[in-house]
Amino acid sequence: MKVVAITGASAGIGLACAKAIAARGDAAVLSARRSDRLDAEVAAIRAAGGQALAVTGDVTSEADMATLVARTVERFGRLDVMIANAGIGYHDTLEATPPDVMRCLVDVNLMGTLYAARAAALQFAQQQSGHLIVVSSIVGRRGIAGSSVYSATKAAQAGLVESLRAEWHGTPLRASAVYPISTATEFHDAIRRDYGFTVQGRGPRQTADSVAQAVVRCIDAPKPEVYPYRRARALAVLNSLAPGLADRLVTRFGRRRTP
Ligand SMILES: NC(=O)c1ccc[n+]([C@@H]2O[C@H](COP(=O)([O-])OP(=O)(O)OC[C@H]3O[C@@H](n4cnc5c(N)ncnc54)[C@H](OP(=O)(O)O)[C@@H]3O)[C@@H](O)[C@H]2O)c1
Numbered sequence: 003m004k005v006v007a008i009t010g011a012s013a014g015i016g017l018a019c020a021k022a023i024a025a026r027g028d029a030a031v032l033s034a035r036r037s038d039r040l041d042a043e044v045a046a047i048r049a050a051g052g053q054a055l056a057v058t059g060d061v062t063s064e065a066d067m068a069t070l071v072a073r074t075v076e077r078f079g080r081l082d083v084m085i086a087n088a089g090i091g092y093h094d095t096l097e098a099t100p101p102d103v104m105r106c107l108v109d110v111n112l113m114g115t116l117y118a119a120r121a122a123a124l125q126f127a128q129q130q131s132g133h134l135i136v137v138s139s140i141v142g143r144r145g146i147a148g149s150s151v152y153s154a155t156k157a158a159q160a161g162l163v164e165s166l167r168a169e170w171h172g173t174p175l176r177a178s179a180v181y182p183i184s185t186a187t188e189f190h191d192a193i194r195r196d197y198g199f200t201v202q203g204r205g206p207r208q209t210a211d212s213v214a215q216a217v218v219r220c221i222d223a224p225k226p227e228v229y230p231y232r233r234a235r236a237l238a239v240l241n242s243l244a245p246g247l248a249d250r251l252v253t254r255f256g257r258r259r260t261p
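Right, dumping it as structure tokens:
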């Protein structure tokens, strides 16, 4: 049995990961801010015979991320996998993006990932084992119009994982980055709730369950990079080889913002 902590597990990709992990007999520790949701999901997993624990926390709090790891270890004796998944989106030109929104995206998507990763890394170092899985985005590999700040936070996550892979090379510790494409979750509802506008994606979409299945495969066989929608890897490769050509291609995948 693996012990897996997941940030942003009250909805979307994080919740799909928690359900998939518990369904196959691993222990899922669900963290997010909305404790009522976490409690309901943990109760449902337990009722189905799975092992789960809810730890309410905000990823922008270093103390909350330390508590997430401490409560996990207290309950299950160790932490095998940390899935740093909590994240928020936004859509606008750079000029029109207010600085407080920029700071919020950096706090949740980047600082939140760093706090969760660091809390896990401290535990992994003690255990001499552990696997960090960071849920980034395909726009962290190749930015699209209207996503400059979000893409910057997602590219920063890629840099974190690459550095950790170098730091942990030759040790039992593993780090992976997951690059989903547009996924049907509450992500766009959260943008509407927090910022009052609607964003519609263009181009292909995938389900949260398909991302969760890719994450589960990565737990079983750790990989540096996971592209749950396989063809998305080609975009990352093309962007490295011919970024100018990629500029033209990604005009197809832009998002549309409506009031
Ligand atoms: N949906 C997409 O199209 C897409 C595509 C590529 C990558 N991703 C990435 O996938 C990850 C998950 O997104 P999703 O699509 O599943 O979105 P979602 O359905 O909106 O879920 C986001 C989760 O993050 C949590 N969260 C937000 N702010 C938080 C904070 N400050 N502290 C703790 N938890 C927080 C939310 O829970 P609470 O509100 O309860 O705290 C929720 O559980 C994100 O990192 C996102 O960037 C999404």
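Be aware that the sequence shown starts at 3, since it is given in the working numbering, and climbs by one per residue.
Beta carbons are placed, not taken as given, at the ideal position from N, Cα and C, and that holds for glycine.
Note that the structure is predicted; figures quoted are calculated from it, not measured.
The closest heavy atom of ligand 1 lies less than 8 Å from the beta carbon of Ala192.
In the three-state scheme derived from DSSP, where H, G and I count as helix and E and B as strand, Ile85 is classed as strand. Contact between Val44 and Ile8 does not hold, since their C-beta atoms are separated by about 12 Å, which reaches or exceeds 8 Å. DSSP, read as helix, strand or coil, puts Glu227 in strand.
Put simply, the backbone Cα of Ala210 is about 15 Å away from that of Cys220. Contact between Tyr231 and Pro206 holds: their C-beta atoms lie close to 6 Å from each other, under 8 Å. The Cβ-Cβ distance between Thr185 and Arg259 does not fall below 9 Å. Between ligand 1 and the CB of Ser12, the shortest heavy atom gap is smaller than 8 Å. Under a 10 Å Cβ-count criterion, Asp94 is classified as buried, with 16 or more other Cβ atoms of the shown protein chains found around its own Cβ. Annotation note: the stretch 138-174 contains the following uninterrupted alpha helix (DSSP H) runs of length 4 or greater, listed N- to C-terminal: 150-169.
Note on the stretch 46-127: whole alpha helix (DSSP H) runs with a minimum of 4 residues are 64-78 and 101-107, in chain order. Proximity of the beta carbon of Ile23 to ligand 1 is not indicated: no heavy atom of the ligand is located closer than 8 Å. Straight-line spacing of the CA atoms in His133 and Val163 works out to 11 Å.
In this structure the stretch 77-96 lies against the stretch 113-131, because at least three pairs of beta carbons, one per stretch, are closer than 8 Å. A residue is called buried once 16 or more other Cβ atoms fall within 10 Å of its Cβ, and Asp66 is buried on that count. In the three-state DSSP reduction, Arg195 falls in the helix class (H, G or I).
Put simply, the stretch 45-57 does not touch the stretch 107-115. Fewer than three CB pairs are less than 8 Å apart. The Cβ-Cβ distance between Val61 and Gly114 falls below 9 Å. Put simply, the backbone Cα of Ser242 is about 39 Å away from that of Thr69. Residue burial annotation: Thr187 is buried, with at least 16 other C-beta atoms found within 10 angstroms of its C-beta. Listed in chain order, the non-local C-beta contacts of Thr253 below 8 Å within the same chain comprise Ala147, local neighbours out to five positions each way being set aside.
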